[in-house]
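Student: Got a structure for you, questions after.
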Amino acid sequence: MQMEKLNLRVEECIGHQLTSSPSPNCYAHFLLSQSFPREVTIFSIFEVFVLGLDNIGLTTMWTLGLLVHNQEAQQKLFWRSL
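Converting from the sequence shown to my numbering requires adding 1 to each position, the first position being numbered 1.
Structure follows, in C-alpha coordinates:
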(Lines of atoms letter the chains of each structure in order from A and count residues from 1; the text may use other names and numbers.)
(Lines give C-alpha, C1' and ligand atoms only; values in the text may rest on other atoms or scores of the structure.)
Protein backbone atom coordinates (compact mmCIF):
# COMPACT_ATOMS: atom_id res chain seq x y z
CA MET A 1 0.00 0.00 0.00
CA GLN A 2 2.78 2.48 0.92
CA MET A 3 4.68 1.69 -2.28
CA GLU A 4 1.59 2.36 -4.38
CA LYS A 5 1.15 5.74 -2.69
CA LEU A 6 4.80 6.57 -3.33
CA ASN A 7 4.47 5.55 -6.98
CA LEU A 8 1.42 7.77 -7.43
CA ARG A 9 3.03 10.75 -5.68
CA VAL A 10 6.26 10.51 -7.69
CA GLU A 11 4.27 10.13 -10.92
CA GLU A 12 2.25 13.21 -9.93
CA CYS A 13 5.35 15.30 -9.20
CA ILE A 14 7.59 14.25 -12.09
CA GLY A 15 5.34 12.71 -14.73
CA HIS A 16 3.83 15.94 -16.02
CA GLN A 17 7.35 17.27 -16.72
CA LEU A 18 7.83 14.52 -19.31
CA THR A 19 4.77 15.40 -21.39
CA SER A 20 6.54 18.33 -23.00
CA SER A 21 9.83 17.92 -24.79
CA PRO A 22 12.70 18.59 -22.34
CA SER A 23 15.73 20.59 -23.44
CA PRO A 24 18.36 18.49 -25.24
CA ASN A 25 21.03 18.99 -22.58
CA CYS A 26 19.07 17.56 -19.63
CA TYR A 27 18.96 14.12 -18.03
CA ALA A 28 15.25 13.65 -18.83
CA HIS A 29 15.93 14.14 -22.53
CA PHE A 30 18.64 11.48 -22.41
CA LEU A 31 16.37 9.00 -20.63
CA LEU A 32 13.51 9.60 -23.05
CA SER A 33 15.82 9.18 -26.05
CA GLN A 34 16.84 5.71 -24.79
CA SER A 35 13.26 4.41 -25.10
CA PHE A 36 13.06 3.39 -21.46
CA PRO A 37 9.56 2.76 -20.14
CA ARG A 38 7.97 5.86 -18.62
CA GLU A 39 8.11 4.37 -15.11
CA VAL A 40 11.87 3.74 -15.37
CA THR A 41 12.44 7.29 -16.59
CA ILE A 42 10.40 8.81 -13.77
CA PHE A 43 12.08 6.79 -11.03
CA SER A 44 15.54 7.44 -12.44
CA ILE A 45 14.89 11.17 -12.15
CA PHE A 46 13.45 10.68 -8.64
CA GLU A 47 16.52 8.67 -7.62
CA VAL A 48 18.85 11.49 -8.70
CA PHE A 49 16.77 13.91 -6.65
CA VAL A 50 16.92 11.68 -3.54
CA LEU A 51 20.66 11.14 -3.94
CA GLY A 52 21.14 14.90 -4.08
CA LEU A 53 19.21 15.34 -0.84
CA ASP A 54 21.26 12.62 0.82
CA ASN A 55 24.48 14.29 -0.31
CA ILE A 56 23.37 17.67 1.07
CA GLY A 57 22.47 16.09 4.41
CA LEU A 58 25.79 14.30 4.75
CA THR A 59 27.75 17.40 3.79
CA THR A 60 25.89 19.46 6.37
CA MET A 61 26.50 16.85 9.09
CA TRP A 62 30.23 16.69 8.32
CA THR A 63 30.50 20.48 8.28
CA LEU A 64 28.78 20.86 11.63
CA GLY A 65 30.83 18.03 13.10
CA LEU A 66 34.07 19.63 12.01
CA LEU A 67 32.97 23.05 13.29
CA VAL A 68 32.25 21.57 16.71
CA HIS A 69 35.91 20.57 16.97
CA ASN A 70 37.37 23.74 15.45
CA GLN A 71 36.78 26.82 17.59
CA GLU A 72 38.88 29.06 15.32
CA ALA A 73 36.74 28.26 12.29
CA GLN A 74 33.60 28.98 14.32
CA GLN A 75 34.93 32.41 15.25
CA LYS A 76 35.82 33.22 11.62
CA LEU A 77 32.30 32.26 10.46
CA PHE A 78 30.71 34.25 13.26
CA TRP A 79 32.65 37.44 12.51
CA ARG A 80 32.04 37.14 8.76
CA SER A 81 28.32 36.92 9.34
CA LEU A 82 28.20 40.27 11.15
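Don't be surprised by glycine CBs; every beta carbon is placed ideally from N, CA and C.
Note that the structure is a prediction, hence the values are computed from the model and not measured.
Secondary structure at cysteine 27, three-state DSSP: helix, strand or coil?
Tutor: coil
Student: Return helix, strand or coil for threonine 20, following the three-state DSSP convention.
Tutor: Here threonine 20 sits in coil by DSSP.
Student: Could you give the distance in angstroms between the alpha-carbon of phenylalanine 37 and the alpha-carbon of glutamine 3?
Tutor: 25 Å
Student: Given a cut-off of 9 Å on the beta-carbon distance, is the pair threonine 42 and leucine 32 in contact?
Tutor: yes
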